[in-house]
Structures are given as C-alpha cells and as structure tokens.
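Trainee: Quick mapping for you: the protein sequence lines, in order, are chains A and B. Counting from 183, one number per residue, gives the positions in the first sequence under this note's numbering. Counting from 9, one number per residue, gives the positions in the second sequence under this note's numbering. Backbone N, C-alpha and C fix where the C-beta goes; we use that ideal spot for every residue, glycine too. Quantities reported herein were computed from a predicted structural model and do not represent experimental measurements.
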Amino acid sequence: MKQARRVLAFFICLAGVLMPWRLRVLYSEALGWVVQFVYLNYIYILKFILRELEKGKEGPHA
Amino acid sequence: MPEEALLLYSGGTDSTLAACLLAEKYDRVRLLTFRRFGLFATDKAAVNAEKLRVKYGAAKILHENLPVDRLFRKVSYDRFFLNLFRHGFFLLSTCGLCKLAMHLRAAVYCLDNGIKHVSDGANKGMDLFPDQQPGVLGMLREMYASAGIEYSNPVFDFESPPDIEFGDRFHLERVPGLSAKRDAAFLAQKKQTTGHKLFELGLMPSDNVKGTKLDRAMQARCFQFILFNIWLHWYYLPFSDKERYVRESDAFFGEKIARFSALLGEYRERGEASRLASWVER
Numbered sequence: 183m184k185q186a187r188r189v190l191a192f193f194i195c196l197a198g199v200l201m202p203w204r205l206r207v208l209y210s211e212a213l214g215w216v217v218q219f220v221y222l223n224y225i226y227i228l229k230f231i232l233r234e235l236e237k238g239k240e241g242p243h244a
Numbered sequence: 009m010p011e012e013a014l015l016l017y018s019g020g021t022d023s024t025l026a027a028c029l030l031a032e033k034y035d036r037v038r039l040l041t042f043r044r045f046g047l048f049a050t051d052k053a054a055v056n057a058e059k060l061r062v063k064y065g066a067a068k069i070l071h072e073n074l075p076v077d078r079l080f081r082k083v084s085y086d087r088f089f090l091n092l093f094r095h096g097f098f099l100l101s102t103c104g105l106c107k108l109a110m111h112l113r114a115a116v117y118c119l120d121n122g123i124k125h126v127s128d129g130a131n132k133g134m135d136l137f138p139d140q141q142p143g144v145l146g147m148l149r150e151m152y153a154s155a156g157i158e159y160s161n162p163v164f165d166f167e168s169p170p171d172i173e174f175g176d177r178f179h180l181e182r183v184p185g186l187s188a189k190r191d192a193a194f195l196a197q198k199k200q201t202t203g204h205k206l207f208e209l210g211l212m213p214s215d216n217v218k219g220t221k222l223d224r225a226m227q228a229r230c231f232q233f234i235l236f237n238i239w240l241h242w243y244y245l246p247f248s249d250k251e252r253y254v255r256e257s258d259a260f261f262g263e264k265i266a267r268f269s270a271l272l273g274e275y276r277e278r279g280e281a282s283r284l285a286s287w288v289e290r
C-alpha cells in the first residue's frame with residue numbers, strides 16, 4: 183500500500199514539479215478540490231451511516 | 009521619530025497575536041499582507057487587522073496588501089534545472105518559497121522606509137513547513153541582519169492546540185463528557201496557545217478557532233500545500249525520517265537564502281538599478 187501510494191505520489195509530483203508556475207498553481211488547485219470532494223464525501227457518508235445506525239438502535243417505533 | 013516594526017501578516021491567530029505583542033513594544037506596527045496568483049481572498053486579512061486598529065488605534069496599526077507575483081516566480085524557478093538536479097522534489101516546498109518571496113519583499117520595504125525590525129507569526133508547532141523550522145529561521149535572521157534589520161518570531165514558543173483527527177472529533181462529539189475530559193488533560197497547554205491569548209485579549213470569540221468557519225473567514229485560501237503534502241506524506245516521510253527531511257530542507261533553503269541575500273545586498277548598493285528591484289512590484 184505504502185509502495186503503491188509512493189508510486190502514485192511520484193507521478194503526481196513529477197508532473198507538478200515540471201510545470202511552469204501558473205500551471206502548477208492551477209494543477210494544485212485542481213488537486214485541492216479533488217481532495218476536498220473526497221474528504222467531504224467521506225464525512226457525509228460516515229455521518230449518514232452513524233445516524234442510520236443510531237436510528238436502528240432506538241428501534242422501529244422510535 | 010516613532011519606532012516602527014513590520015509584521016508579515018496573514019490574518020490568522022499566530023500573526024494577529026504577534027501584532028498585539030509588537031503593538032505593546034513599538035510606537036507603530038505596519039502589517040504587510042501579500043497577494044499573488046494562487047493565493048485567494050487575501051483581503052480577508054483585513055478582518056483581524058481592523059480589530060487590531062480598533063483595539064490599539066488606527067494611528068498605531070497600519071495595514072497594506074502588496075503583490076509578490078514576480079518575486080515568487082523568481083524565487084521558485086531561479087536556477088531551476090540545477091536545483092531540480094540537486095534537490096529534486098524539494099522544489100515543491102511552495103509554502104517555504106512563497107514565504108521567502110514575502111520576506112524579500114518585506115526586507116525591501118524596510119530598506120525603503122527605514123524600518124529596522126521585522127517579525128512574523130512563525131510557530132514551533134508548524135515545523136514541517138520549511139519557513140517555520142529553526143534552521144531556516146536562523147538563516148532568515150542572518151539575511152535580515154546583513155541588511156541591518158532585526159528579525160524576530162514573537163509567537164514561536166507558544167503551544168499549538170492539540171491536533172484532532174476527524175474520527176477523534178466525531179468520537180468526542182458523540183460520547184458525553186469525553187470532550188471535557190480531553191480538554192482538562194490539555195488545559196495547561198491550551199492556556200499557552202496563541203488562540204487562548206487572543207481570547208483573553210478579547211480579539212477572538214473562543215480560545216481555539218483553528219479550522220473553524222471563522223478561521224476561514226479571516227485568512228487567505230491556498231491549495232498549493234496539497235502538492236507539497238502529497239510529496240511529503242506519501243513519497244518522502246514514509247521512507248525516510250524527519251531529521252533527514254529537516255537537514256535536506258535546510259540545505260535547499262540555505263542555498264536559496266544565500267543567493268537572495270546577495271541580491272538584497274546588491275539592492276542596498278544599487279537601489280532601483282539592481283536585479284531585485286526589477287522583480288519587486290510596487
């Protein structure tokens with residue numbers, strides 16, 4: 183897993199380091215929004231699962 | 009003549025407390041915020057600058073927002089292939105390179121206006137960022153000293169609030185009493201944070217606003233640390249150690265700072281005819 187992540191990071195960073203500065207800014211910006219999207223999805227899915235589990239624990243007539 | 013200090017000001021809690029400490033010591037504090045392509049909404053720094061002006065007086069606190077596009081580009085891409093060969097992905101240390109561009113602009117501002125003291129909000133808790141590592145701060149101090157300017161980090165020794173992962177925060181919210189228990193464990197440390205001091209001074213509504221909506225409303229947004237983080241946390245640190253990172257970081261920034269210190273010296277001698285002056289946007 184660590185090795186695979188390293189390889190992925192290598193290619194992401196290689197593209198970034200070779201870019202001229204404005205393009206590198208836009209590239210980082212795009213990566214930032216992807217990370218935000220994944221993170222927010224993770225939060226909301228986890229919140230939804232927990233809420234549903236709590237509802238289930240309270241019983242069908244709660 | 010009033011004694012003035014200049015502060016590199018982002019609008020966050022660390023630099024805002026640094027402004028308070030300087031305001032108690034100097035007759036006037038000039039807050040410098042910097043803008044460039046990729047740093048969004050730098051005008052948000054004015055939110056806390058205004059609070060400072062209300063607290064200490066508009067004559068004592070001055071706030072300016074200066075562009076550093078050309079300098080940032082020059083600092084980041086100077087001797088690109090040589091640096092790529094020697095330091096590899098350290099070239100992605102955007103936060104450190106951006107801060108170096110800001111320091112150079114601040115030094116030029118000091119020389120132009122006869123200011124002899126510069127500070128920033130560097131803090132020991134942010135030691136993965138090259139610009140806040142003791143070694144690099146020492147080199148910056150030498151760079152400023154070579155231009156006859158004193159450089160200090162008034163909030164460097166303040167504690168950082170304990171870092172809470174999302175999962176832990178979730179857990180704390182859902183188990184009654186756990187949050188209070190955790191807070192009690194960190195009470196002594198919490199009282200030494202910049203956020204707590206600002207809360208005591210009446211400048212913040214709570215003692216830890218880091219990561220909150222309010223925090224986002226008072227600082228610029230920048231995503232370029234993402235590339236640096238991917239490199240550092242996925243590529244470098246899992247296969248190396250922090251000591252080596254700090255050592256290599258010091259080497260990379262040592263070369264950069266030495267090169268730009270020389271250019272700052274040239275600016276002192278030749279003024280507007282120097283190379284540095286041509287990269288400084290007024």
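Would B/HIS111 pass as a contact of B/PHE260 if the rule is Cβ separation under 9 Å?
Mentor: Taking the first residue of the second sequence as position 1, residue 111 of chain B is located at position 103. Taking the first residue of the second sequence as position 1, residue 260 of chain B is located at position 252. Not closer than 9 Å, so no.
Trainee: Across which residues does DSSP place B/GLU72 in a beta bridge pair?
Mentor: One-based indexing of the second sequence puts residue 72 of chain B at position 64. According to DSSP, B/GLU72 bridges with B/LEU40.
Trainee: Taking only three categories from DSSP, how would you classify B/LEU47?
Mentor: To locate residue 47 of chain B, count along the second sequence from 1; it is residue 39. Three-state result, B/LEU47: coil.
Trainee: Are the C-beta atoms of B/GLY232 and some chain A residue less than 9 Å apart?
Mentor: Residue mapping note: residue 232 of chain B aligns to position 224 of the second sequence, counting from 1. Rather than Gly, the amino acid found at residue 232 of chain B in this sequence is Gln. Closer than 9 Å to some Cβ of chain A, the Cβ of B/GLN232 qualifies, so yes.
Trainee: Could you tell me whether the stretch 31-43 of chain B touches the stretch 56-72 of chain B, where touching means 3 or more Cβ pairs closer than 8 Å?
Mentor: As far as the Cβ criterion goes, the stretch 31-43 of chain B touches the stretch 56-72 of chain B, which means the pair count is three or higher.
Trainee: Taking only the alpha-carbon atoms, compute the straight-line gap between B/ALA225 and B/ALA54 and give it to the nearest angstrom.
Mentor: Here the question's residue 225 of chain B lines up with position 217 in the second sequence. Here the question's residue 54 of chain B lines up with position 46 in the second sequence. So the two alpha carbons sit approximately 10 Å from each other.
Trainee: Applying the criterion that 16 or more other CB atoms from any shown protein chain within 10 Å of the CB defines a buried residue, is A/TYR221 buried or exposed?
Mentor: Residue numbering aside, residue 221 of chain A sits at position 39 when the first sequence is read from its first letter. A/TYR221 should be labelled exposed.
Trainee: Flag this pair as yes or no: are the beta carbons of B/ALA57 and B/ALA27 separated by less than 9 Å?
Mentor: Counting from one through the second sequence, the residue named residue 57 of chain B turns up at place 49. Counting from one through the second sequence, the residue named residue 27 of chain B turns up at place 19. Yes, they are a contact pair.
Trainee: Give me, in chain order, the residues of the same chain whose beta-carbon lies closer than 7 Å to that of B/GLY46; leave out the 5 immediate sequence neighbours on both sides.
Mentor: As a first step, residue 46 of chain B is located in the second sequence; it is residue number 38 there, counting from the start. The residues are CYS230 and GLN232.
Trainee: Buried or exposed: B/THR220, going by 16 or more other Cβ atoms within 10 Å of its Cβ?
Mentor: The residue labelled residue 220 of chain B in the question sits at position 212 within the second sequence. Label assigned to B/THR220: exposed.
Trainee: Less than 7 Å between C-beta atoms, sequence neighbours within five positions excluded: which residues of the same chain meet that for A/ILE178?
Mentor: The structure shown does not extend to residue 178 of chain A, since chain A is modelled only from 183 through 244, so no value can be given for it.
Trainee: So B/TYR85 contacts chain A; which residues on that side make the cut at Cβ distance below 9 Å?
Mentor: One-based indexing of the second sequence puts residue 85 of chain B at position 77. Going along chain A in sequence order, the residues near B/TYR85 (Cβ under 9 Å) are PRO202 and TRP203.
Trainee: For the alpha helix (DSSP H) containing B/GLU58, list its first residue and its last residue.
Mentor: Within the second sequence, residue 58 of chain B is the residue found at index 50, counting from 1. From DSSP, the alpha helix (DSSP H) with B/GLU58 extends over 54-64.
Trainee: I'd like to check one pair, B/GLY273 with B/ALA155: are the Cβ atoms closer than 9 Å?
Mentor: On the second sequence, residue 155 of chain B is found 147 positions in, with the first residue counted as 1. On the second sequence, residue 273 of chain B is found 265 positions in, with the first residue counted as 1. In contact: B/ALA155 and B/GLY273 (Cβ atoms closer than 9 Å).
Trainee: For B/TRP242, go through chain A and note every residue whose CB falls closer than 8 Å to its CB, in chain order.
Mentor: Position 234 of the second sequence, counted from the start, is the residue given in the question as residue 242 of chain B. Residues of chain A passing the Cβ test: ARG187, ARG188, LEU190 and ALA191.
Trainee: Distance, Cα to Cα, B/MET151 vs A/ILE231?
Mentor: Taking the second sequence and counting its residues from 1, one reaches residue 151 of chain B at position 143. Taking the first sequence and counting its residues from 1, one reaches residue 231 of chain A at position 49. C-alpha separation (whole angstroms): 54 Å.
Trainee: Under a CB-based cut-off of 9 Å, is A/LYS239 close to chain C?
Mentor: In the displayed structure, chain C is absent; the protein chains listed are A and B.
Trainee: Do B/GLY43 and B/LEU79 have their C-beta atoms within less than 9 Å of each other?
Mentor: As a first step, residue 43 of chain B is located in the second sequence; it is residue number 35 there, counting from the start. As a first step, residue 79 of chain B is located in the second sequence; it is residue number 71 there, counting from the start. The displayed chain sequence assigns Arg, not Gly, to residue 43 of chain B. No, these two residues do not count as a Cβ contact at 9 Å.
Trainee: Whole angstroms is fine: what's the gap from B/GLU277's alpha carbon to B/GLY122's?
Mentor: The count along the second sequence starts at 1 and reaches residue 277 of chain B at position 269. The count along the second sequence starts at 1 and reaches residue 122 of chain B at position 114. The straight-line gap from Cα to Cα measures roughly 15 Å.
Trainee: Under 8 Å by Cβ, that's how I've got B/PRO169 and B/ASN216 pegged, so tell me the actual separation to the nearest angstrom.
Mentor: Taking the second sequence and counting its residues from 1, the one referred to as residue 169 of chain B is at position 161. Taking the second sequence and counting its residues from 1, the one referred to as residue 216 of chain B is at position 208. The pair is a contact, with the Cβ atoms about 5 Å apart (cut-off 8 Å).
Trainee: Say whether the stretch 135-145 of chain B touches the stretch 100-111 of chain B, bearing in mind that this needs 3 or more beta-carbon pairs closer than 8 Å, one atom from each stretch.
Mentor: Segments in contact, yes.
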